[in-house]
Each structure stands twice: as structure tokens, then as C-alpha cells.
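All remarks here apply to the structure that follows.
2 protein chains.
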Amino acid sequence: MKLITRNTDYAVRALCCIAEQKQEVISGDQLVKSLEMPRPFLRKILQTLNKEGLLTSSKGKGGGFALAASPEGITLIEVMKIFQGPIKLSEHKFKKSDCPRINDCLLKKKIDEIEKEVIVKLKAITISSILKNRR
Amino acid sequence: MKLITRNTDYAVRALCCIAEQKQEVISGDQLVKSLEMPRPFLRKILQTLNKEGLLTSSKGKGGGFALAASPEGITLIEVMKIFQGPIKLSEHKFKKSDCPRINDCLLKKKIDEIEKEVIVKLKAITISSILKNRR
DNA sequence: CAAAATGATACAATTATAGTATCATAATAG
DNA sequence: CTATTATGATACTATAATTGTATCATTTTG
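Chains as they are written, first to last, in my numbering: chain A, 931 to 1065; chain B, 931 to 1065.
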């Protein structure tokens, strides 16, 4: 019942760390040191963020990662989608098939209402808004 | 990232079904028929609900389960706690330990805000409110 | 070419969820 | 008292998601 997984958590922290950096490019190993995360896991996360277009990367000496957009432009929900798929608080499956009462099922409706509000709130959280109050 | 697991889902449906029943007591097997759920799984769920005090049970012929409280008095969050533990949208663990920035970590704070509102909404959902609009 | 970086990808461990199976116990009818 | 019908307790298994690890290839720069 976690809303965010460790994947997402690590990714957000990495994005924050990159955003805070003075140099524009920072290498994976530097991030590992700053964030004290398992190296291969973070590497995979960075690769994914790059593939999904949130980071840019450069190889070779002096290479590394940089934000592809401004910290205001990167939302939490975007990162969540990458690592956890689309937000769906109620799958409401019944064995392999959908709930037979799917149409008049009020439990689903109520969860869906909650989901909508959660999504609105998640969209409002950006890397920049996470960093803002941190010092 | 599901908010409710199948355990909870089944339990809620069973509670609804029991609440709708005319006779006060309904057996596990009758519920299996009505709800089309895996028999041993539902049985376990009913046992748990009984142990946790949401149901009362009686053995032997004519026995079965009945609600221990009125449908208005049983909240969704109560059922979730039983099957999923306390609501914690952000565990925010860092390997085995807590996030080192735990105190000034704004990501956690923001998730916590969302969590609070979700809890309020979950508390407002009762068996009775789920049944209400169903016919 | 060597070193420093990322890219791709396959594999493994752990945990949570979902489900099954079995035997014990209690209540009731006859 | 015994057969039947019901729940109680509990141990086991299967599946999927999460959380990692490991390895080799490729690109860039000096």
C-alpha cells in the first residue's frame, strides 16, 4: 500500500541532487557517493530516466547526466508513471476478470474519487517544489 | 500501487453481502455461492473478520456469520487495517534504515499530506455507504 | 590505445499477495 | 451417541512485484 516505490524514491532524490548541482553534468558515481545508494541500482534508474527523456546523458570522460527540463517542469507523477506504471488505486479485479458488478460497484466509484484527488495533488509536486523548503 | 488488496476487496463484498441478507446468519458456503469467490480464501477472510470482531460466528447446523456492528459502523479503513496493516503511503526507507534527511525531507512531507486526506476519505466510507446507491 | 563514462540486458533475492489443503472442534438433529 | 454441518487453527504453495546484482558492449576524450 505504498504510494511510491523505492525506484521512484531514488529517482526523485537523484533528480533533486542533479538539480542542486552547480556543474551541469554529474556522473553516476558522484551521485552514488552523494546519495549512498546501491550503485548498480541507481545506474539502472538513471538509464531509465535518460531513456524516458527526463535526463540527458553524455559518455566518456567528463560525461554524466543532466536534467532535460527545468526542475519546475518535472512532476512526481511523471516519475511514478515511469517506474510504477499509471496510477490505479483500485484495480478491482475479480480473479482474472473484472468485478461482475463493475458498473454499479460503489466501492470502485469511491476509490476512484479518492484517486482523482490524489492525482491532482501528485501533479502539483515538482522537483523544484521538493527542493524549495529544504534549506 | 493499489490502495486496496484483494483481501480487503473480498472482505468488503462479503460484509456487504451479509448486510444485505434477510436472515441474520449466513454460512460461508452460501457466501461463496453468492460472491463466486475461491472457497478456502473466503473462509480464511471470514475467520479473520470474526477474530477481529467485525463478525460474529456460530458453529454447527444453521450456523454461520453475522455482522457484529451495524453497516454504518463498519468503515473501509478498518477492514484495510486488518488485511493490509496501517495506512502508510510513504515508508521512505533508505536501504534498511530511514531516510537520512528524514526530518527535512519534503518529499515525505508532501506524501504525508496526501496520506492524511486519503485517510479522512477512507474513514468516511462505510459498508452502509457502499450499499446505499447500489440498487 | 587506455581510461572514464554510459547502454543494454540478463539474472537473482526478497517480500507481498493470493490461494490451497488439512485436520480439529463445536453445535445440532435424529 | 453419532452423523452432519458448520467454523477454528494452521501450515503450506504459487505467483507477481519489488529490489536489487552482474556482465559485457559502446562511446567519448586525452
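Note that CB positions come from ideal geometry on N, CA and C, so glycine has one too.
Please read these numbers as outputs of a predicted model, since none were measured by experiment.
Would you say B/Gln-1014 lies against chain A (beta-carbon separation less than 8 angstroms)?
yes
What are the residues in the segment 1048-1060 of chain B lying within 8 angstroms of chain A by C-beta distance?
Val-1048, Lys-1051, Leu-1052, Ile-1055, Ser-1059 and Ile-1060
List, in order along the chain, the chain B residues whose C-beta lies closer than 8 angstroms to that of A/Leu-1007?
With the sequence shown as reference, residue 1007 of chain A is identified as Ile, and Leu is not the correct amino acid for it. Those do not exist, as A/Ile-1007 stays about 11 angstroms from chain B at its closest Cβ, beyond 8 angstroms.
How would you list, in chain order, the residues of chain A whose beta-carbon sits under 8 angstroms from the beta-carbon of B/Ile-1041?
Leu-933 and Ile-934
Determine which residues of the segment 942-969 of chain B have a Cβ less than 7 angstroms from any Cβ of chain A, and write them out in chain order.
For the segment 942-969 of chain B, which is checked against every Cβ of chain A, the residues closer than 7 angstroms are Val-942.
Using a Cβ-Cβ cut-off of 8 angstroms, state whether B/Leu-1019 counts as contacting chain A.
yes
Could you pull out every unbroken alpha helix (DSSP H) segment of at least 4 residues lying fully inside the segment 964-1031 of chain B, listed in chain order?
969-981 and 1006-1014
Whole angstroms is fine: what's the gap from A/Lys-989's alpha carbon to A/Lys-981's?
14 angstroms
Short check: CB of B/Ile-1041 to CB of B/Leu-1019, under 8 angstroms?
Inclusion of B/Ile-1041 and B/Leu-1019 in the CB contact set at 8 angstroms is warranted, their separation being smaller than that value.
Quick check on DSSP: helix, strand or coil for A/Thr-935?
A/Thr-935 falls in the coil class under three-state DSSP.
What residues from chain B crowd round A/Ile-1044, counting only those whose CB sits closer than 8 angstroms?
Leu-933, Val-1048, Lys-1051 and Leu-1052
Quick one: give me the first and last residue of the alpha helix (DSSP H) that B/Val-1048 is part of.
1036-1054
Taking the continuous alpha helix (DSSP H) assigned at B/Lys-952, which residues delimit it?
Unbroken run through B/Lys-952: none, as it is neither H nor E.
Residues near B/Ser-1058 by beta carbon distance below 6 angstroms, same chain, minus five either side
Pro-1001 and Glu-1002
Buried/exposed call for A/Asp-959, threshold 16 Cβ in 10 Å:
exposed
Considering only the alpha carbon of each residue, which of A/Leu-1036, A/Pro-1016, A/Gln-1014 and A/Val-1009 lies closest to A/Ala-944?
A/Val-1009
Within 8 angstroms, strictly: CB atoms of A/Leu-984 and A/Ile-956
no
Kindly list the residues whose CB is nearer than 7 angstroms to the CB of B/Ile-1049, restricted to its own chain and excluding five residues on each side of it in sequence; keep chain order.
Ile-1007 and Ile-1017
Alpha carbon to alpha carbon, what distance is there between A/Ala-998 and A/Asp-939?
19 angstroms
Looking only at its own chain, which residues have a Cβ that is under 7 angstroms from the Cβ of A/Ala-996, when we skip the five neighbours before and after it?
Ile-948, Glu-954, Val-955, Leu-985 and Thr-986
Assign B/Gly-993 to one of two classes, buried (16 or more other C-beta atoms within 10 Å of its C-beta) or exposed (fewer than that).
exposed
Excluding the 5 residues flanking B/Leu-1061 on each side, which residues of the same chain have their C-beta closer than 8 angstroms to its C-beta?
Cys-946, Ala-949, Glu-950 and Pro-1001
Can you tell me whether A/Phe-971 is buried or exposed? The criterion is at least 16 other CB atoms within 10 Å of its CB, across all chains shown.
exposed
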